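Reminder that position 132 of the sequence shown reads as 123 in my numbering, one-by-one numbering, no gaps.
C-beta atoms are modelled at their ideal positions from N, C-alpha and C, and glycine is treated no differently.
Treat the numbers as computed from the prediction; the structure is a model and nothing was measured.
Step one of this worksheet: look at the structure below.
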Amino acid sequence: MSSNDSQPNANLVKAIKLEKLQNGSTLSASGINETPTIPLHIIDAPSQRLYACGAVGLLQSIKLFYLLDIGLFSNNQASSPLYNWFLWSFLDSLLIFSLYKLKIPRLQFSLQIWLLTIGIIFIINSFLSLSIPQVLGLIFYIPRSLVNFKPDSTKIINQDTTWSNEKIDVEKLKHEQHIIGKHIIKFLPDSSVKINPNQDRFCFTPDDSSKTVQVSINGTDPLTLTYLHKPFSSDSEDSKTYRVDLKDFSNSNIVNAEKGTVIGTFNLALKHPGRYTLLSVLDSQNRKFKVDRQFSSLVIPECPKAKFSDKLNTPIEDRCHSDSYSSTYPVLVNGIPPLKLTYSSQFGREKESDRVLDYLIPNVPSEAGNDTDDLTFQSPYSFSIDIPTYSDSVGSYKYKIKKIEDGLGNTQTYNYFSDSDSSLLKTIKIHKTPKVALKCSENKPVFVKHSDKGYSKKDVKLDISGEYPFVIKYGFRDNNSKDDTTWEHTFTKTINNENESFIQVDQPGVYGLISVKDKFCSNEYIEPETCSILESKKPSAKLTFEPIESACSGTSGVKFDILFSGEPSFTIHYRETITPFDKSKSKTVFDRSIEADSLKYDLPIEPSIPGHYHFKFYRVDDINYKGIPLNQEFTQEIHPTPDLKIISNQDKRTCTNETTSLPIQLTGSKPFNVEYIVKSPSKVTQYSREFSNDGNNNINLDMEQPGRYLVEFTSIEDSRKCKVSGLKKRFNIEVASSRPSAQFSCMGRDIHGSLTYGRIFSRQGAKGILPIKFQGQPPFTLTYSFESSISEKAEEITLENINQVEYELVVKEPGTYTIDSVADQYCGNSNFSGRSANMCEFGHYPKPSVKLQTADKSTKLQPVCQNQPSFFEVEFDGMSPYSLEYKVLQSSSQSDNFKVVGRPKIDTYNHKYKVDTWVKDAGHYKYQFNKVTDYYHKDSDLESVLSVEQVVYPHPEASFIKPSPSTLLRETDNRQCVNTLLGDPSNPIQVHFEGSPSFDLSAKLSHQHGATENIQFFNISENTFSLTHPKKLTNPGLYTLDLTNVVDDNQCEHTPSKNNKLKIQVDPIAKLNAHVSPPSHYCVGDYMSFSLAGTPPWYVTYTLNGQQEILNNLRTSTLKKVAVREGVLEINKVCNVQKDHCCTDYSNEQDSLKYYIHPIPSAIMSEGKVVQRHIHDGDSETIKIKLVGTPPFTFMYTRSDPYTEKVTETRTISKIESNEYELLVKEEGAFEIIYIGDKYCEFQKF
């Protein structure tokens, strides 16, 4: 703690609060300097004290009124007394804590005083609220933490900064650098030894040559160690005793203590499995160490092991689903029982699940292990256990051995599993039982045919399931066998793939399946599955014949009844020979065949030609045999019944006054007599006509009037006088009342859109479409003539097969087109020459054009400013709507280096159109028109390119040239100190212009609090202008300078939009206010506090011990630093915003700020080390203490129990003028200094 007292015999200075000397700090009655939480410029110190006292008095008055009212004058106990005590104690504590944190001047006290005040208020509240027993209860149950509470008046916030801006932990500085060293005195104990003190587990793996075990020593210096090794055998002769010399034992961490004592551990290498027993340890004087019975022996076995039994030397075992297997699988384990095995099982792609078999022990005799010294029951055993397996479902089961643990806790974990390693991984695959079936049965037999070479071989397909290859066993017996339970012959076949899934039969009989075996499984229990094989007989046909008789003509045909033998289906072949009665006709021969799916078939034959018929059946086939010969012949004379057939099956149309022909077909014996009736719209006429030929004939009819005609044939009679009446075969003929006609629908529009009759136009080079309307029945035949209007060309053209009633005639050349004649489907040509409706003229529209409508007919427009509206007008000639395409070319200067910047398009219905020019960007523009279209012409280039030119001046631009970002500018563009001119040369404001000089500039200057002023500058001839104005910036704060308007020499005006605002920060002059008038004394670790005035950040220049330094970039108005080096500190200069900006100089003697910093005293015990000494009870020890600081010194030390660290004694030694002190002690304990003080400063450790 700092002090102004320079007297050498002054009392100890009180502990310093490290928060002293902050902004606005005051000196309280307690001598503690604190910065008020509420700054004094907001509420002064007397007012803060008045408000605090008022708050305390108000709360106490309310409390007394409430407690006395409910306790003395009222019988209504609304709440319990204990509740009232807690309530008011809490409110009083909250108020006092608030006063402590507010740090009100002259009301600042140490933390102990505030805690004492809270305790007194608690006692007063208890007597006001509680009864005497309740008060006593509270006193006895106060937490011991409050009794032992020791407030640290020097405790500060960690990680503060020094004058060199280094982070420092002041608490660590005070605790670790000024009181160091500790002296521990212990009385010597008895010597002891332990083997494996940490109770570690050990086991030997095949790769281990030895195991290292710790032995702990505590006592005198050991010399030899003796231990016994007993292997895992009941034979005591195998035991062996070992002796180890510990004098030069290198593998240890034994620490030598005072007066021949040691403490620590050393490593003992044990090389064989078995039990190790520590027998004795002797020191150099042959004194025995005490062996701890709990840590006297150790058992080290081999590590436990587990693996699957090697009954099958393969990792995969195949099983059949139908077979019976053991539900377990053997695992061989080795280790000290009881063992614990962890394994996993997995079916298919299901999740792997872990299983545990616990408490696994071998089957040993019950009398074993009765002798506690015998290792039989603690020896490793090798025995077999069974793990359960599953075969319920077809699929793959995987079993893994994952971990084995023995009875001592030693564990062997298996993490790597190889598919080829059968000791840790076992896979059991369950396969389906194979099945097989024949694709035939006794009800659906298979036929084999017999030939001279014997029976043919035939494949019988198999339905088979399982895994290839298969071995099929099947049998055969004769159809005549009386024993259907045995097989005469058995066969075996191997099937390797699906193409071999069949058996081959070659003789009639019964075949049956006996067994099937696939790659993994067999099936001996196949249900009876047999197939009958029958011999197929050659097919034959038996034919019976009878004539088909007619009442008048005699035999008109024949009918054959055919009975087949064999296996359907059948095909019978025959030859038919016809010899006509008409000698003019030649004999004809036909080869025919008939297919039949059944054993009986009827074949009727009724020919239409009279004559002699000869039928020869020469071949029959069935499904097994082809080409079996037949030889059956039949002859019959046949006279067909006469018949008439109308060849056309559709009604006929024709025109009046024309003759039409009706085709018919006659069959029978010629000549024929045909009777028929013709019914016209006005009458009915009966006709009879003879025909000398059979076959196709025609009947001609005259159509005299329009309407529907009906022709009905009533009878036919042949040369044998066989007459067939009632034929009722009718035919309709429709006779049109008018002949076909055609005419043009010739109507169009001229170039101006007016309707034209008899004329049609199209665009240049396009084809013309002349609509024609037909009357009649399509298809039509049209004949028209053409006379060209551009040449002497004339021609006549005929078009056929026109199927549309409304037809479009496509023409190419302009001229006159005339329809001459037309014919339809039923009527001949009709002549139409000379009629006006049969003429149409075709012509072309002229191409569209465009021309300029400028005022002086000039193609160069007046120059304009950028973004100033401008246009020119064009006029169209043609048929609207119009479409005009043009290119916009731009050059940045008057040169001819133009580039295309746009290809606009104009669409309009008007004959005149205003074209807006491009003024968004400055430059020299050309507008070239090269293509115009109208309603008729969609692709038309102008004969000559039209071009228009215009110059667009750029709009002027003004912008601030802002300096590059710096520490000074930060969030502003320009900084000046208060009371300097706008545009001060030390911080110039520059404006850059673009355009044609000279320029006129308008600007607006505004302050952040609303004051605004307009400023103008004229005739600026440079492109870079330094803005100056006799305007003094008298108010600190933020100014904004806006560029509002700029005009150049082309009279182009523009409002600047880029960098048109400049922020000017006007800063006050920086000042530093000292909270304590210099000179003043501080201790290392104390806070030194100042308040800063101005605009952050601040820059403070100071001199410490003659070396000048600077504090940069201070952001808060409170300068609070920790003094870490003794010496003299002087404040030289303070600036704000930036170094050397708006500064105040404190280097003169009158305004000098000078402070003295003293070091914190130190106390060093036992040379700063932790020294431990072992002495015998009754001896003494001298502890040396070194004191650093300014005498006189005072220090306080404690003695605590060296084992429990409980403080048993505290003593204070004062008025020490020397820097060294010796302390003589005889007691056992840990001695440590907890307080040191010198003339100026003090330090308390706890």
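For residue i, I'd like the list of residues in its chain whose CB is within less than 6 Å of its CB, leaving aside the five on either flank, ordered along the chain.
{"i": "proline 559", "result": "Asp588"}
{"i": "asparagine 1050", "result": "Ser950 and Phe951"}
{"i": "threonine 203", "result": "Asn258 and Ala260"}
{"i": "glutamine 623", "result": "Leu534 and Phe608"}
{"i": "phenylalanine 752", "result": "Gly739, Gly834 and Tyr836"}
{"i": "threonine 899", "result": "Tyr873"}
{"i": "valine 580", "result": "Thr568"}
{"i": "phenylalanine 572", "result": "Pro601 and Gly602"}
{"i": "valine 347", "result": "Thr333"}
So what does DSSP say about residue i, is it helix, strand or coil?
{"i": "serine 987", "result": "coil"}
{"i": "lysine 54", "result": "helix"}
{"i": "valine 47", "result": "helix"}
{"i": "alanine 20", "result": "Confidence at alanine 20 is low in this model, with a pLDDT of 36, below 50, so its placement is unreliable and no value can be given for it."}
{"i": "tyrosine 1090", "result": "strand"}
{"i": "glutamine 999", "result": "coil"}
{"i": "aspartate 83", "result": "helix"}
{"i": "valine 204", "result": "strand"}
{"i": "asparagine 75", "result": "helix"}
{"i": "aspartate 651", "result": "Reading off the sequence shown, one finds threonine at residue 651, where the question assumed aspartate. Of the three classes helix, strand and coil, the one that applies to threonine 651 here is strand, per DSSP."}
{"i": "glycine 600", "result": "Correcting the residue identity first, residue 600 is isoleucine in this sequence and not glycine. Residue state, collapsed to three classes: coil."}
{"i": "threonine 108", "result": "helix"}
{"i": "proline 1152", "result": "coil"}
From the beta carbon of residue i, is the nearest beta carbon of chain B less than 8 Å away?
{"i": "glycine 759", "result": "The structure shown contains no chain B; it holds only a single protein chain."}
State the Cα-Cα distance for the pair residue i and residue j, rounded to the nearest angstrom.
{"i": "serine 413", "j": "proline 306", "result": "4 Å"}
{"i": "lysine 1112", "j": "leucine 1095", "result": "13 Å"}
{"i": "tyrosine 42", "j": "leucine 98", "result": "12 Å"}
{"i": "histidine 1132", "j": "leucine 1144", "result": "21 Å"}
{"i": "lysine 473", "j": "serine 523", "result": "15 Å"}
{"i": "tyrosine 667", "j": "leucine 635", "result": "11 Å"}
{"i": "glycine 22", "j": "cysteine 1232", "result": "Its pLDDT being 41, under 50, glycine 22 is placed unreliably in this model, and the value from its coordinates should be taken loosely. Whole-angstrom Cα-Cα distance: 14 Å."}
{"i": "asparagine 1103", "j": "valine 1091", "result": "7 Å"}
{"i": "aspartate 383", "j": "histidine 312", "result": "8 Å"}
{"i": "valine 427", "j": "valine 462", "result": "11 Å"}
{"i": "asparagine 487", "j": "asparagine 401", "result": "53 Å"}
{"i": "isoleucine 742", "j": "serine 931", "result": "16 Å"}
{"i": "lysine 464", "j": "aspartate 509", "result": "12 Å"}
{"i": "glutamate 804", "j": "lysine 758", "result": "8 Å"}
Under 8 Å, do residue i and residue j count as touching if we go by C-beta distance?
{"i": "isoleucine 1224", "j": "phenylalanine 1186", "result": "yes"}
{"i": "alanine 733", "j": "leucine 773", "result": "yes"}
{"i": "valine 1115", "j": "valine 1161", "result": "no"}
{"i": "serine 182", "j": "phenylalanine 280", "result": "yes"}
{"i": "valine 385", "j": "histidine 422", "result": "yes"}
{"i": "glutamate 708", "j": "proline 633", "result": "yes"}
{"i": "phenylalanine 561", "j": "valine 611", "result": "yes"}
{"i": "histidine 915", "j": "serine 882", "result": "yes"}
{"i": "glutamate 1213", "j": "threonine 1173", "result": "yes"}
{"i": "isoleucine 494", "j": "leucine 453", "result": "yes"}
{"i": "phenylalanine 735", "j": "cysteine 646", "result": "no"}
Can you list, in chain order, the residues of its chain whose CB lies under 8 Å from that of residue i, leaving out five sequence neighbours each side?
{"i": "threonine 404", "result": "Lys393 and Lys394"}
{"i": "lysine 94", "result": "Glu25, Thr26, Pro27 and Thr28"}
{"i": "glutamate 1100", "result": "Trp154, Ser155, Thr1092, Tyr1093 and Thr1094"}
Give me, in chain order, the residues of the same chain whose beta-carbon lies closer than 7 Å to that of residue i; leave out the 5 immediate sequence neighbours on both sides.
{"i": "glycine 1191", "result": "For clarity, residue 1191 is serine in the given sequence; the question names glycine instead. Lys1197, Val1198, Thr1199, Gly1220 and Ala1221, listed in sequence order."}
{"i": "proline 895", "result": "Tyr877 and Val879"}
{"i": "aspartate 1040", "result": "Ser987, Pro988 and Ser989"}
Q | alpha helix (DSSP H) runs contained entirely in the segment 668 to 755, provided each spans 4 or more residues | A | none
Q.
List, from N- to C-terminal side, the beta strand (DSSP E) runs of 3 residues or more that fit wholly inside the segment 481 to 564.
A. 493 to 496, 500 to 508, 521 to 527, 531 to 541 and 545 to 556
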